[in-house]
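A short worksheet on the structure shown next.
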Amino acid sequence: MSPDEINDLHRLDRSVVWHAFSQMDQYDGLVIESAEGCWLKDIHGRSILDGASSLWCNTHGHRHPAIDAAIRSQLDRVAHVTNLGMSHPTTIQLAGQLVRIGPRGLNHVFFCGDGASAVEVAMKMAFQFWQQQSPPQVHRTKFLVLGNAYHGDTVGTVALGGIGRFHSMFGPLLFPVVRGPCPRNASYGQSVADADLCKAYLDEYRALLETHANEIAAVIVEPIVQCAAGMVFHPAGFLCGIADLCREFDTLLVVDEIAVGFARTGRFFACEHEGVVPDLMCIGKGLTGGYLPMSATLASTRIYEAFLGDSARTLYHGHTYGGNPLAAAAAAASIDLTIERLQSDDFAQRQKQLSAGIQRLSTHRAVYRAESLGLLGVLELQSASPTMAVGLCRHLMDRNVWLRPLGNTIPIVPPLVISESELELLLDALEYGLDLIGKVL
Numbered sequence: 108m109s110p111d112e113i114n115d116l117h118r119l120d121r122s123v124v125w126h127a128f129s130q131m132d133q134y135d136g137l138v139i140e141s142a143e144g145c146w147l148k149d150i151h152g153r154s155i156l157d158g159a160s161s162l163w164c165n166t167h168g169h170r171h172p173a174i175d176a177a178i179r180s181q182l183d184r185v186a187h188v189t190n191l192g193m194s195h196p197t198t199i200q201l202a203g204q205l206v207r208i209g210p211r212g213l214n215h216v217f218f219c220g221d222g223a224s225a226v227e228v229a230m231k232m233a234f235q236f237w238q239q240q241s242p243p244q245v246h247r248t249k250f251l252v253l254g255n256a257y258h259g260d261t262v263g264t265v266a267l268g269g270i271g272r273f274h275s276m277f278g279p280l281l282f283p284v285v286r287g288p289c290p291r292n293a294s295y296g297q298s299v300a301d302a303d304l305c306k307a308y309l310d311e312y313r314a315l316l317e318t319h320a321n322e323i324a325a326v327i328v329e330p331i332v333q334c335a336a337g338m339v340f341h342p343a344g345f346l347c348g349i350a351d352l353c354r355e356f357d358t359l360l361v362v363d364e365i366a367v368g369f370a371r372t373g374r375f376f377a378c379e380h381e382g383v384v385p386d387l388m389c390i391g392k393g394l395t396g397g398y399l400p401m402s403a404t405l406a407s408t409r410i411y412e413a414f415l416g417d418s419a420r421t422l423y424h425g426h427t428y429g430g431n432p433l434a435a436a437a438a439a440a441s442i443d444l445t446i447e448r449l450q451s452d453d454f455a456q457r458q459k460q461l462s463a464g465i466q467r468l469s470t471h472r473a474v475y476r477a478e479s480l481g482l483l484g485v486l487e488l489q490s491a492s493p494t495m496a497v498g499l500c501r502h503l504m505d506r507n508v509w510l511r512p513l514g515n516t517i518p519i520v521p522p523l524v525i526s527e528s529e530l531e532l533l534l535d536a537l538e539y540g541l542d543l544i545g546k547v548l
């Protein structure tokens, strides 16, 4: 690529492409031309370790031969078939695969286009479920959500959200929700043990349900870790306790596994850590291994059967590309690879390596909090200013490692297939960057 072509791409990228979550007045991002494994290559020929799995979704690395082959094979048959009134064998088989790997009893799959749309349809399913009971429970129109929740950027999911810098602007557009506290474990500097923290948080949620149970259509949670909230790790037992409260107060439980599913936390789905079976489960991101947009909402038979009958009971919701066969082919291959990875000794070793590395970095003077679970980690910096986290990520690029800050936290979300040497490079780069920003503390 000539210098003129490169300059023109950068010019267009800065002035024509409107990038997500980016202040375009200051934008100067990477332009990636190709990738392989855990490595990205930009238009200048520089190789960069993808430590964030291209926003937490590229679970098997780039250009994985099994996923590439699955998509090529599907292209020889058909690229797209609408899910309204017809289907395709690949999509149908994927639905069966999801039912087999999901929590028991989630026997029905609704395909969507991205994570936010999967949560949107779960909200509509939960709302309509109660309206179609006999007699209808017409007052169940609200959702109980966690403090600092993040479930997407559509108007409906923003209403669930509780992160001011993302959501406050849109307040006049949003519907009211019931919001509980953000359940943080003892690593946040709290002197109380996790068991006591868990009980205290659950007591607050019990009080909310005692007051609002007849208004609540569903409780919606990110299980175990709230990712966009700053990688907030919950006290052990909190998810299980919320599930128990939902049963006690006869309301629905929706788990948002979009960021934490597909082996990210060391289990296929994060809710498996506490044996929780929700009424509705939202999945996305790693579903296709980061290849193509696809998400899904899995529903229990109890939910599904409430929509059977005459046309008035129909769920009037759909997406043009829902159940797309190319995406389904990628997802089916990705699921097989995820199952293999979960069973491999190498994956177990990488989790231990990340845990040990995070523990090592936790003692650094620039670090306030450091945690990991599975192949998901976080460093929260001593400074509350996001400027320091941005600076740290710039220093990482000196070592050809790419991570994206989230406020004053650094999510560490490498591909599940990262090698021992690649993960060590990532951890060493973090130590190097922390040393540089630590000089100003």
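Going by the working numbering, the first residue of the sequence shown is number 108, and it counts up by one from there.
The beta carbon of each residue, even a glycine, is placed where N, CA and C say it ideally should be.
_Rounded to whole angstroms, what is the Cα-Cα separation between Ser122 and Met131?_
Per the coordinates, the alpha-carbon of Ser122 lies some 8 Å from the alpha-carbon of Met131.
Suppose you measure from the CA of His187 to the CA of Val228; what does that come to, to the nearest Å? Separation of His187 and Val228 (C-alpha to C-alpha, rounded to the nearest whole angstrom) is 22 Å.
- In three-state terms, what does DSSP make of His274? Helix.
Review point. Any idea what DSSP makes of Trp125, helix, strand or coil?
Key: Trp125 falls in the coil class under three-state DSSP.
* Asked: Would you call the segment 195 to 206 and the segment 339 to 358 in contact, with 3 or more CB pairs under 8 Å?
  -> Short answer: they don't touch.
- [ ] Return the CA-CA distance between Leu461 and Asn321, expressed in angstroms with no decimal places.
- [x] Between the alpha carbons of Leu461 and Asn321 lies a gap of roughly 44 Å.
I'd like the list of long-range same chain contacts for Arg153, defined as Cβ closer than 8 Å, with 5 residues on each side in sequence excluded. The answer, listed in chain order, is Asn507.
Practice item. Mind reading off the beta-carbon distance from Gly254 to Cys289? Whole number of angstroms is fine, and I expect it under 8 Å. Key: Contact between Gly254 and Cys289 is confirmed by a C-beta separation of about 3 Å, below the 8 Å threshold.
Please list, in chain order, all residues of the same chain as Ile442 whose beta carbon is under 7 Å from its beta carbon, the five residues on each side excluded. For Ile442, where only same-chain residues beyond five positions count, the Cβ hits under 7 Å are Gln204 and Ile208.
When you compare each of Gly212, Leu537 and Leu548 to Gly158 by their alpha carbons, which one comes out closest? Of all alpha-carbon atoms in Gly212, Leu537 and Leu548, the one lying nearest the alpha-carbon of Gly158 is that of Leu537.
ask   = Below 8 Å between beta carbons: does that hold for His258 and Gly271?
value = No, they are not a contact pair.
*Excluding sequence positions up to five away, which residues of its chain have a Cβ less than 6 Å from the Cβ of Leu309?*
Counting only Cβ-Cβ distances below 6 Å, and skipping sequence neighbours, we find Gly348.
Can you give me the Cβ contacts of Ala440 inside the same chain, cut-off strictly under 7 Å, excluding the 5 residues immediately before and after it? Answer for Ala440: Ala173, Ile174 and Ala177, listed in chain order.
Take Gly212 and list the residues in its own chain whose beta-carbon comes closer than 8 Å to its own, dropping the five residues that flank it on each side. Cβ neighbours of Gly212 beyond the five flanking positions: Val384, Ser407 and Thr408.
Review point. Alpha carbon to alpha carbon, what distance is there between Ser160 and Leu387?
Key: Computed Cα separation, rounded: 26 Å.
Q: Have a look at Gly337 and Val284 and give me their C-alpha separation to the nearest angstrom.
A: Approximately 21 Å, taken between the alpha carbons.
Buried versus exposed, by CB contacts within 10 Å (16 or more), Trp125:
By the beta-carbon neighbour count (other beta carbons within 10 angstroms, threshold 16), Trp125 is exposed.
Q: Would you decide whether Asp105 is buried or exposed? Buried here means 16 or more other CB atoms lie within 10 Å of its CB.
A: Coverage of the chain is limited to positions 108 through 548, which leaves residue 105 absent and any answer about it impossible.
**Report entry** C-alpha distance - Asp183 paired with Ala435, whole-angstrom precision
**Finding:** One Cα belongs to Asp183, the other to Ala435, and the distance between them is close to 14 Å.
- Item | Validate contact between the segment 396 to 405 and the segment 479 to 491 using beta carbons, cut 8 Å, 3 pairs | Because the criterion of three Cβ pairs below 8 Å is not met, the segment 396 to 405 and the segment 479 to 491 do not touch.
According to DSSP, is Val328 part of a helix, a strand, or is it coil?
The answer is strand: DSSP assigns Val328 an E or B state.
* For the alpha helix (DSSP H) that Val361 lies in, which residues bound it at each end? -> Careful: Val361 lies outside any alpha helix (DSSP H), inside the beta strand (DSSP E) at Leu359 to Asp363.
Please list the terminal residues of the continuous alpha helix (DSSP H) segment that includes Phe369.
Note, Phe369: premise wrong, no alpha helix (DSSP H); not H, not E.
- Query: In its own chain, which residues sit with a C-beta less than 8 Å from the C-beta of Gln291, not counting the 5 before and 5 after it?
  - Reply: For clarity, residue 291 is Arg in the given sequence; the question names Gln instead. Hits under 8 Å: Gln297, Leu304, Val339, Phe340, His341 and Pro342.
field: Sheet register partners of Phe250 (DSSP bridge)
entry: BP columns for Phe250 point to Ala325.
Under the three-state reduction of DSSP, which class applies to Val56: helix, strand or coil? The chain is shown only over 108 to 548; residue 56 falls outside these bounds and no answer can be derived.
Practice prompt. With a floor of 3 residues, list each beta strand (DSSP E) that falls wholly inside the segment 113 to 188, ordered by position along the chain.
Written response: Taken in chain order, the complete beta strand (DSSP E) segments of 3 residues or longer contained in the segment 113 to 188 are 139 to 143, 146 to 149 and 154 to 157.
Notebook entry, point to check: Counting Cβ pairs closer than 8 Å, one from the segment 416 to 423 and one from the segment 219 to 227, do we hit at least three?
Noted result: Three or more Cβ pairs closer than 8 Å define a contact, and the segment 416 to 423 falls short of that threshold against the segment 219 to 227.
Taking Arg211 as part of the beta strand (DSSP E), name the residues at either end of that continuous run.
Per DSSP, Arg211 belongs to no beta strand (DSSP E) and is neither H nor E.
Legend entry - Thr427 burial status per 10 Å Cβ neighbour count (16 or more: buried): By the C-beta density criterion, Thr427 is exposed, having fewer than 16 other C-beta atoms within 10 angstroms.
Put Val485 into one of helix, strand or coil per three-state DSSP. In the structure shown, Val485 falls within a strand segment according to DSSP collapsed to helix, strand and coil.
| field | Check whether Leu444 and His171 have beta carbons under 8 Å apart | value | Yes, Cβ-Cβ distance for Leu444 and His171 is below 8 Å.
**OP:** Out of Glu112, Gly287 and Gly168, state which residue places its alpha-carbon closest to the alpha-carbon of Ile525.
**Re:** Taking Ile525 as reference, the option from Glu112, Gly287 and Gly168 with the minimal CA-CA separation is Gly168.
| query | When we look at the beta-carbon of Phe454 and count the other beta-carbons within 10 Å, is it buried (16 or more) or exposed? | reply | Classification for Phe454: buried.
Expressed to the nearest angstrom, what Euclidean distance is found between the alpha-carbon atoms of Ala491 and Asn515? Asn515 has its alpha-carbon roughly 6 Å from the corresponding atom of Ala491.
Distance, Gly464 Cα to Thr166 Cα: Each residue's Cα considered, the two are about 20 Å apart.
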